[in-house]
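Number of protein chains: 2
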Amino acid sequence: MSNFWARTITGLSMAFILLAALYFSGWIFATIFLLITLAGLWEFYGLVSGENVHPQKIYGTAAGALVYIITTCFFFIPGETSGGLLWKNAPVITIVITLFLPFIFEIFRKKSAPLSNISITILGIIYISVPFALLNAFSKQDQVQFHGIPEFLTGYFILTWLYDTAAYLYGKQFGKHKFFERISPKKTWEGTIAGITVAFLTSLALSLLFRDVSQSNWLILTFIVVIFGTFGDLVESLFKRGLHVKDSGTILPGHGGILDRFDTMLISSPFVFVYFYLLNTI
Amino acid sequence: MSNFWARTITGLSMAFILLAALYFSGWIFATIFLLITLAGLWEFYGLVSGENVHPQKIYGTAAGALVYIITTCFFFIPGETSGGLLWKNAPVITIVITLFLPFIFEIFRKKSAPLSNISITILGIIYISVPFALLNAFSKQDQVQFHGIPEFLTGYFILTWLYDTAAYLYGKQFGKHKFFERISPKKTWEGTIAGITVAFLTSLALSLLFRDVSQSNWLILTFIVVIFGTFGDLVESLFKRGLHVKDSGTILPGHGGILDRFDTMLISSPFVFVYFYLLNTI
Numbered sequence: 000m001s002n003f004w005a006r007t008i009t010g011l012s013m014a015f016i017l018l019a020a021l022y023f024s025g026w027i028f029a030t031i032f033l034l035i036t037l038a039g040l041w042e043f044y045g046l047v048s049g050e051n052v053h054p055q056k057i058y059g060t061a062a063g064a065l066v067y068i069i070t071t072c073f074f075f076i077p078g079e080t081s082g083g084l085l086w087k088n089a090p091v092i093t094i095v096i097t098l099f100l101p102f103i104f105e106i107f108r109k110k111s112a113p114l115s116n117i118s119i120t121i122l123g124i125i126y127i128s129v130p131f132a133l134l135n136a137f138s139k140q141d142q143v144q145f146h147g148i149p150e151f152l153t154g155y156f157i158l159t160w161l162y163d164t165a166a167y168l169y170g171k172q173f174g175k176h177k178f179f180e181r182i183s184p185k186k187t188w189e190g191t192i193a194g195i196t197v198a199f200l201t202s203l204a205l206s207l208l209f210r211d212v213s214q215s216n217w218l219i220l221t222f223i224v225v226i227f228g229t230f231g232d233l234v235e236s237l238f239k240r241g242l243h244v245k246d247s248g249t250i251l252p253g254h255g256g257i258l259d260r261f262d263t264m265l266i267s268s269p270f271v272f273v274y275f276y277l278l279n280t281i
Numbered sequence: 000m001s002n003f004w005a006r007t008i009t010g011l012s013m014a015f016i017l018l019a020a021l022y023f024s025g026w027i028f029a030t031i032f033l034l035i036t037l038a039g040l041w042e043f044y045g046l047v048s049g050e051n052v053h054p055q056k057i058y059g060t061a062a063g064a065l066v067y068i069i070t071t072c073f074f075f076i077p078g079e080t081s082g083g084l085l086w087k088n089a090p091v092i093t094i095v096i097t098l099f100l101p102f103i104f105e106i107f108r109k110k111s112a113p114l115s116n117i118s119i120t121i122l123g124i125i126y127i128s129v130p131f132a133l134l135n136a137f138s139k140q141d142q143v144q145f146h147g148i149p150e151f152l153t154g155y156f157i158l159t160w161l162y163d164t165a166a167y168l169y170g171k172q173f174g175k176h177k178f179f180e181r182i183s184p185k186k187t188w189e190g191t192i193a194g195i196t197v198a199f200l201t202s203l204a205l206s207l208l209f210r211d212v213s214q215s216n217w218l219i220l221t222f223i224v225v226i227f228g229t230f231g232d233l234v235e236s237l238f239k240r241g242l243h244v245k246d247s248g249t250i251l252p253g254h255g256g257i258l259d260r261f262d263t264m265l266i267s268s269p270f271v272f273v274y275f276y277l278l279n280t281i
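Chains as they are written, first to last, in numbering that gives the first Met the number 0: chain A, 0 to 281; chain B, 0 to 281.
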């Protein structure tokens, strides 16, 4: 039971901190997620390092943080005020350089399995920095604000947390039928269905609270959260199974590591981003 | 000696076809490089597939081709004529989706080493599609044209080929001191220095022929070709050594595979791209 309380207190504190940061300033929110990105990258590279794989841990963490910072600044500072084309291309240039330097560094490293070392160094940046950096696109570029809170991003967090929590709690108590036993033996159909039910009830509540986003948009966001969030959970389980570990880390009491806590967002965020951009640009 | 002639004929034909395509139309050039990209991706995934790694070969090849096509169209068709913001974001959206789908597909694959499978699938797209797609940025967006030929790109090809050829021929004949024996035992200092000499003489000739690009720009381009081209050669040797193969393929008589022939460009193209953008935008 102490694990239950640790989990509850950690979860509620994180939710409170992130929502408060969103309310006060997108920059505070971005800074908190920079720390989460750094911890996540370090955890990822530590986790995957082994006898046969030697990712460029320090480079990957530094380059991942740089990709996060440049992309976030790009979302936050409008191009017109800060120098035109070079600025507009800054994320592209940063991403191009950071993705190709690991190839060159590996030449001098004298480690076995160079192909895996390079590819897993790059994977960390894509799997962790990109999804977290994209969150800042919803936070700042969203025109739809409710008393200073970006509605879309707030709704995305609330949906994700309630879906996860409902699925976990209901599944633990009443779960019988396995959902995807090969990868995640604890997941059950009962938990998943409870999570989906709660997510759709939440989307109804959100459409009443945040009226600037239409009800159909809340429904579509919920679909994305449920489907790609579930994939995100399974992807992380797949990784942990391949590496024979139970938790990705121990930094968050009751939750395990950063990747354990944010696994669903790591896959759903990019797809929410794409939907968000289509919404704003068509 | 027959290998020498096969190599010469293949090299000259390729140079002729690519330069002719550049002269007639950037679209023809882009189409030829789409075929090279497809062949390169297929070769790469075949090469790295083994007992312990099972990349998503068909997906990687298709997604890599898509990234190439969308990025090229983005370079070629100005945003204003084709629908504004959605179009401007098309490459970003395509890249985000194509990089995150392999995570999801791997859930359903039941293969060992899922982390490597995903990361190497993504690596193929980055290592092959991105450098080749970036070539089209120089071809179309270059304002500096000489009788319809994009000067910068033409110079880049000529420099790369002559540097490679001089280093290979001189090193083969007179090479004694090993350059980077651990990775590429056939490379010698003599060959490298001959290559560098020929490259800088070529850049002088280019600055006389194509006067719209300044001499200092030709010199900087030559530095990038020599340094990052050499890295590109070593990166490919590193991969082949790790995989215990001599050539990456057999598609090009006398040269081996696509990756053997274009190895230097796979690493130099992204850095030339960055320089090219800085030139045009500062």
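By construction, the Cβ of each residue, glycine as well, lies at the ideal position given by its N, Cα and C atoms.
By the Cβ test, the segment 125–134 of chain B is not in contact with the segment 259–273 of chain A, since fewer than three Cβ pairs between them sit closer than 8 Å.
Among the bridge pairs identified by DSSP, Ser183 of chain B is matched with B:Phe179. Burial state of Ser247 of chain B is buried, judged by a 10 Å Cβ sphere holding 16 or more other Cβ atoms. Under the 10 Å beta carbon count, Ile124 of chain A is surrounded by 16 or more other beta carbons and is classified as buried. At least one beta carbon of chain A lies nearer than 8 Å to the beta carbon of Ile117 of chain B. In the structure shown, the three-state DSSP call for Gly255 of chain B is strand.
With distances taken between CA atoms, Pro149 of chain A lies nearest to A:Gly25 out of A:Ser12, A:Leu278, A:Gly25 and A:Met13.
Proximity of chain A to Asn135 of chain B at the Cβ level (cut-off 8 Å) is not reached, the minimal Cβ distance being about 14 Å.
Under the three-state reduction of DSSP, Glu50 of chain B is assigned to coil, being neither helix nor strand. Rounded to the nearest whole angstrom, the CA to CA distance from Val52 of chain B to Ser138 of chain A is 39 Å.
With its beta carbon at least 8 Å from every one in chain A, Leu220 of chain B lies outside the interface. Contact check between the segment 239–254 of chain B and the segment 105–124 of chain B: fewer than three CB pairs, one atom from each, fall below 8 Å, which does not count as touching. Straight-line spacing of the CA atoms in Ala62 of chain B and Arg240 of chain B works out to 27 Å. Ile27 of chain B and Gln214 of chain B have their C-alpha atoms roughly 29 Å apart. Between the beta-carbon of Tyr44 of chain B and that of Lys56 of chain B there is about 4 Å, and that keeps the pair under the 8 Å contact cut.
Annotation for Lys239 of chain B: the continuous alpha helix (DSSP H) segment containing it runs Gln214 to Leu242. Shown here, Gln55 of chain B sits in coil according to DSSP, grouped into three states, outside any helix or strand. Those residues of the segment 9–28 of chain B placed with their C-beta closer than 8 Å to a C-beta in chain A do not exist.
Using a CB distance cut-off of 8 Å, Tyr276 of chain B counts as an interface residue toward chain A.
Here Ser202 of chain A really is in contact with Leu218 of chain A; their C-beta atoms are around 6 Å apart, less than 8 Å.
Pairing Gly10 of chain B with Phe261 of chain B gives a Cβ-Cβ distance that is not under 8 Å. Of the residues A:Gly154, A:Asn2, A:Phe179 and A:Tyr162, the one whose Cα lies closest to the Cα of Asn216 of chain A is A:Gly154.
With respect to Tyr167 of chain B, Ala198 of chain B sits apart: the two C-beta atoms are not nearer than 8 Å. Nearest C-alpha to Thr159 of chain B among B:Thr97, B:Arg6 and B:Leu265: B:Leu265. One Cα belongs to Ile103 of chain B, the other to Val244 of chain A, and the distance between them is close to 20 Å. If you draw a 10 Å sphere on the C-beta of Asn135 of chain A, you find 16 or more other C-beta atoms in it, and that means buried. For the segment 85–108 of chain A, the set of residues with a beta-carbon nearer than 7 Å to any beta-carbon of chain B comprises Leu85, Asn88, Ile92, Val95, Ile96, Leu98, Phe99, Phe102, Ile103, Glu105 and Ile106, in chain order. Nearest CB-CB separation between Ile31 of chain B and chain A: not below the 8 Å threshold. In this structure, A:Gln172 is the residue among A:Pro90, A:Glu42, A:Thr93 and A:Gln172 with its C-alpha nearest to the C-alpha of Gly190 of chain A.
Using beta-carbon distances, Phe230 of chain A counts as an interface residue toward chain B, with a partner under 8 Å. Less than 8 Å divides the Cβ of Ile106 of chain B from the Cβ of Val234 of chain A.
Identification of residues in the segment 256–276 of chain A having a C-beta nearer than 8 Å to some C-beta of chain B yields Ile266, Pro269, Phe270, Phe272, Val273 and Tyr276, given in sequence order.
Ile8 of chain A counts as exposed, since fewer than 16 other C-beta atoms from the protein chains shown sit within 10 angstroms of its C-beta.
DSSP places Ala204 of chain B inside the alpha helix (DSSP H), whose first and last residues are Trp188 to Leu208. About 19 Å separates the beta carbons of Thr60 of chain B and Pro90 of chain B, which is beyond the 8 Å limit, so they are not a contact pair.
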